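K.L.:
Residues in the sequence shown are numbered consecutively from 2, following this note's numbering.
Glycine included, each C-beta is placed from N, C-alpha and C at the ideal position.
For clarity, every value in this text was computed on a predicted model and none was experimentally measured.
Here's a structure for you.
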Amino acid sequence: MAHAAAILTVDLGAVAANWRMLSRRVAPARCGAVVKADAYGLGAARVAGTLLRAGCRDFFVALVSEGIQLLDALGDRWPADARLYVLNGPLPGDEPVCVRRGLVPVLNSLEQVRGWQALARQTGVALPAAIQVDTGMARLGLPPAHFDSLCAAPQGWAGIAPTLLISHLVAAEDPADSVSADQLRRFEAMALRLPSVPRCLANSSGIFLGPGFHFDLARPGAALYGVAPVLGQPNPMRPVVRLRARLIQWRDVLPGQGVGYNHIWHATEPTRVGTVAVGYADGYLRSGSNRARLRLNGAELRVIGRVSMDSVTVDLRAVPAGQLVAGAWIDVIDAVQDIDALAAQAGTNAYEILTSLGCRYLREYLDEDGLDEG
Ligand SMILES: *Cc1c(COP(=O)(O)O)cnc(C)c1O
């Protein structure tokens with residue numbers, strides 16, 4: 002802690018509590034966890050370890066390399082009855098390592114289906130895989146015509162033991178968007194062709210669209226990490242991330258004086274300007290220039306001028322002079338100004354805020370009892 006200029010605190014107890022809340026909500030369906038992109042930047046091994054202890058057994062990463070890394074990190078803490086799905090599926094040549102490591106690929110295209118079947122022919126056993134169908138996202142998944150042709154062919158699924166049928170929602174966070182109901186209808190229609198295969202549709206927000214979206218398994222990511230699942234509604238999830246950075250120095254500037262690169266901000270009255278040790282190299286997005294807010298003892302500090310690589314300048318006028326000390330801790334993300342609020346100020350979503358969190362922060366993990374896990 003001695004030389005930390007900024008501390009990122011990840012509350013693993015809150016991750017577990019969020020997972021339990023979502024599990025109760027989808028019961029009797031099961032609840033999995035998406036831990037791709039290093040668990041949205043928070044540490045996949047720490048998060049998965051916590052959720053394994055909480056009882057989660059279905060995990061999702063995006064890439065084969067992420068799956069291998071996670072299994073290597075967990076070692077013998079990875080139980081034999083847990084499943085690790087690879088959402089992007091295998092790229093050509095990835096198939097053997099998936100089998101070797103027990104990764105379950107999501108097959109998204111005819112090419113991926115054929116690649117998996119080719120390996121199954123060589124090994125002489127049907128290989129487990131999830132099948133993704135495209136119900137409207139037009140990103141990953143078998144287009145309906147390709148799915149139909151595989152179902153219609155007598156040996157269409159030969160060599161494949163489907164363990165899950167999945168699809169992905171386009172706009173689940175917006176309950177007013179009718180695309181979710183359209184996708185649900187298409188998904189149910191396609192699922193009739195593989196009636197014995199368990200189904201999985203809902204991401205975090207999809208869980209809140211109601212029981213009709215829950216099927217056999219839900220696969221939330223963002224909500225586990227505290228992101229608000231429903232647009233315009235109070236956030237029912239527990240905050241997971243706290244970020245504090247230290248005040249380096251401050252100065253008083255006069256009317257007309259510019260601050261920071263290109264002087265995109267000028268003082269119109271005498272202003273005390275503070276410099277805080279967080280910048281875009283830490284994932285504090287440059288789009289927050291002149292807009293984002295930080296806090297000191299509850300007082301709001303607006304970002305003035307451009308966000309720099311290693312620092313950001315803030316308006317300290319709301320802070321009584323007596324509270325200013327070099328090294329003071331400034332709140333960047335906390336329960337009052339959460340990741341969704343910061344995202345709105347920076348013109349993005351909380352997913353991008355989380356996955357941008359930098360590697361220069363001192364990372365502090367709190368376990369379920371609130372104790373530092375080191
Ligand atoms: C990222 C992802 C998820 C998780 O979505 P959240 O909105 O973070 O809950 C689920 N399914 C797929 C296919 C994804 O790519």
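Flag LEU195 as yes if its beta-carbon sits less than 8 Å from any beta-carbon of chain B, otherwise no.
P.N.:
No chain B appears in the structure shown, which is made up of a single protein chain.
K.L.:
Which residue marks the beginning of the beta strand (DSSP E) containing GLN133, and which one marks its end?
P.N.:
128 to 133
K.L.:
Curious, which full-length beta strand (DSSP E) runs of at least 3 residues does the region 77 to 119 contain?
P.N.:
Listed in chain order, the complete beta strand (DSSP E) runs (minimum 3 residues) inside the region 77 to 119 are 84 to 87, 105 to 108.
K.L.:
Between the alpha carbons of GLY259 and ASP368, how many angstroms are there, rounded?
P.N.:
45 Å
K.L.:
Rounded to a whole number of angstroms, what is the C-alpha to C-alpha distance between GLN133 and GLY90?
P.N.:
9 Å
K.L.:
With a 10 Å radius around its C-beta and 16 neighbouring C-beta atoms as the bar for buried, classify GLN264 as buried or exposed.
P.N.:
Here residue 264 turns out to be His, not Gln, going by the sequence shown. By the 16-neighbour rule on beta-carbons within 10 angstroms, HIS264 is exposed.
K.L.:
Could you give the C-beta distance for LEU75 and ALA49, rounded to a whole number, given that I count them as a contact under 8 Å?
P.N.:
6 Å
K.L.:
Looking only at its own chain, which residues have a Cβ that is under 7 Å from the Cβ of THR136, when we skip the five neighbours before and after it?
P.N.:
Excluding sequence neighbours, THR136 sits near SER168, GLN184, ARG187, PHE188.
K.L.:
Taking only the alpha-carbon atoms, compute the straight-line gap between ALA28 and LEU358 and give it to the nearest angstrom.
P.N.:
33 Å
K.L.:
For a test of the three-state rule: what should DSSP assign to ASP59, helix, strand or coil?
P.N.:
strand
K.L.:
Between ILE331 and LEU302, how many whole angstroms is the CB-CB distance? I'm expecting something under 8 Å.
P.N.:
Between LEU302 and ILE331 the Cβ distance is about 7 Å, and since that is below 8 Å, they are a contact.
K.L.:
Quick one: grab the DSSP three-state call for ILE249.
P.N.:
strand
K.L.:
What does the Cβ neighbour count give for LEU151, buried or exposed, with the cut at 16 atoms within 10 Å?
P.N.:
buried
K.L.:
So, helix, strand or coil for HIS267, using DSSP?
P.N.:
Strand, per DSSP.
K.L.:
What do you get for VAL126, buried or exposed, if any count of 16 or more other CB atoms within 10 angstroms of its CB means buried?
P.N.:
exposed
K.L.:
Please specify which runs of the beta strand (DSSP E), each continuous and at least 3 residues long, are wholly inside the region 316 to 349, giving them in chain order.
P.N.:
330 to 334
K.L.:
Is it the case that the Cβ atoms of VAL36 and PHE61 are separated by a distance below 8 Å?
P.N.:
yes
K.L.:
Helix, strand or coil for GLU369? Go by DSSP, reduced to three states.
P.N.:
GLU369: coil per DSSP, three-state reduction.
K.L.:
Kindly confirm or deny that the region 148 to 164 and the region 110 to 118 touch, where touching means at least three C-beta pairs closer than 8 Å.
P.N.:
yes
K.L.:
Between ASN263 and ligand 1, is the CB less than 7 Å from at least one heavy atom?
P.N.:
no
K.L.:
Can you tell me whether VAL304 is helix, strand or coil according to DSSP?
P.N.:
strand
K.L.:
Mind reading off the beta-carbon distance from THR269 to GLN250? Whole number of angstroms is fine, and I expect it under 8 Å.
P.N.:
Contact flag wrong, Cβ pair sits at about 22 Å.
K.L.:
Is any heavy atom in ligand 1 found nearer than 7 Å to the beta carbon of SER110?
P.N.:
At a threshold of 7 Å, SER110 does not count as near ligand 1, since its beta carbon sits no closer than that to any of the ligand's heavy atoms.
K.L.:
Considering only C-alpha positions, which residue in the set GLN346, ILE340, GLY207 is nearest to ILE354?
P.N.:
ILE340
K.L.:
Please name the residue, chosen from ALA347, ALA30, LEU128, that lies closest to ARG200 on a Cα-to-Cα basis.
P.N.:
ALA30
K.L.:
To the nearest angstrom, report how far apart PRO93 and MET138 are at their CA atoms.
P.N.:
23 Å
K.L.:
If we count the other Cβ atoms within 10 Å of its Cβ and call it buried at 16 or more, is SER181 buried or exposed?
P.N.:
buried
K.L.:
Taking C-alpha atoms, which residue in LEU218, PRO212, GLU174, LEU166 lies nearest to VAL198?
P.N.:
Cα-wise, what sits closest to VAL198 is LEU166.
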